[in-house]
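Number of protein chains: 2
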Amino acid sequence: MSNMASMKKSEILKIIGQNVKRIRLEKGLTQVDLVGKIESRIDTTNISRIEKGRTNATIHTLFRISQALDVPLSEICNVQENKS
Amino acid sequence: MSNMASMKKSEILKIIGQNVKRIRLEKGLTQVDLVGKIESRIDTTNISRIEKGRTNATIHTLFRISQALDVPLSEICNVQENKS
DNA sequence: TCTTGACTTGTCAAATATGGCAAGTATGAA
DNA sequence: TTCATACTTGCCATATTTGACAAGTCAAGA
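Line order of the protein sequences matches chains A and B. At the far end of the first sequence sits residue 86, using this note's numbering, and the numbering has no gaps. At the far end of the second sequence sits residue 86, using this note's numbering, and the numbering has no gaps.
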């Protein structure tokens with residue numbers, strides 16, 4: 003049912019961002035907490051833009067976020083509505 | 003055992019690239035075949051660079067590739083060695 | 001009201017991803 | 001050897017991410 007083929011760029015960026023925000027909140031972290039746990043520097047500006055779906059983050063940026071959130075990268079990258 | 007915390011940028015890019023290449027070959031596709039299946043244009047140059055881990059692709063580019071390969075994005079983003 | 005914390009958003013500079021083209025490498029077949 | 005296919009890599013121009021800072025919004029308290 004997911005009709006992935008027609009998913010627009012803005013849509014998947016929004017889903018990725020929602021994933022990041024949801025996991026961050028589940029861990030009880032603020033954006034400032036999160037960047038504090040990230041190895042090489044990431045700005046809260048960028049976190050905010052990613053969570054809002056305003057930026058098309060690189061995989062390495064998302065990977066660093068996944069490390070700080072202590073979840074697999076694939077969890078952040080879960081954009082599928084449902085699997086058969 | 004995965005020691006994700008110390009994974010360097012070049013290492014995760016290499017794994018992402020290996021994932022793309024492996025799945026593409028499993029599907030019996032050439033790079034030219036692959037770009038032919040991608041909605042908005044992607045150059046074989048870029049596919050090659052991603053597969054070789056030479057470029058830090060954006061999530062939207064990897065998403066379009068996952069669509070063309072008919073696999074979930076999370077499969078391309080599977081960089082974990084093994085899960086506990 | 002004032003303050004604080006959390007987040008968003010604008011702007012800027014620097015780095016780099018992307019698309020495009022051309023040239024090079026490698027393999028296999030004729 | 002010659003040719004074709006598949007892929008890699010260098011270069012270029014353009015677009016955009018990223019890091020950084022400043023300013024703004026919003027909600028909860030004191």
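Think of the CB as a built atom: it goes at the ideal place given N, C-alpha and C, for glycine as much as any other residue. Fair warning: this is a prediction, and the values are worked out from it, not measured in the lab.
Interface flag, residue i vs chain A, CB-CB below 8 Å
i, result
"B/Gln82", "yes"
"B/Thr47", "no"
"B/Lys11", "yes"
"B/Asn21", "no"
"B/Thr32", "no"
"B/Ile18", "yes"
"B/Leu64", "yes"
Reduced DSSP secondary structure (H/G/I, E/B, other) of residue i
i, result
"A/Thr60", "strand"
"B/Ile40", "coil"
"A/Gln20", "helix"
"A/Val34", "helix"
"B/Asn80", "coil"
"A/Val11", "Here residue 11 of chain A is Lys; the residue named in the question, Val, does not match the sequence. It is helical."
Rounded distance between the beta-carbons of residue j and residue i, thought under 8 Å
i, j, result
"A/Ile52", "A/Gly19", "5 Å"
"A/Leu64", "B/Ile61", "6 Å"
"A/Glu28", "A/Arg66", "That belief does not hold up - the Cβ atoms of A/Glu28 and A/Arg66 are roughly 18 Å apart, past 8 Å."
"B/Ser76", "A/Asn80", "5 Å"
Any C-beta of chain B under 8 Å from that of residue i
i, result
"A/Ser76", "yes"
"A/Leu71", "no"
"A/Ile14", "yes"
"A/Ile61", "yes"
"A/Ile67", "no"
Beta-carbon spacing of residue i, residue j below 8 Å
i, j, result
"B/Ile25", "B/Leu71", "yes"
"B/Ile78", "B/Val22", "yes"
"A/Leu36", "A/Ile49", "yes"
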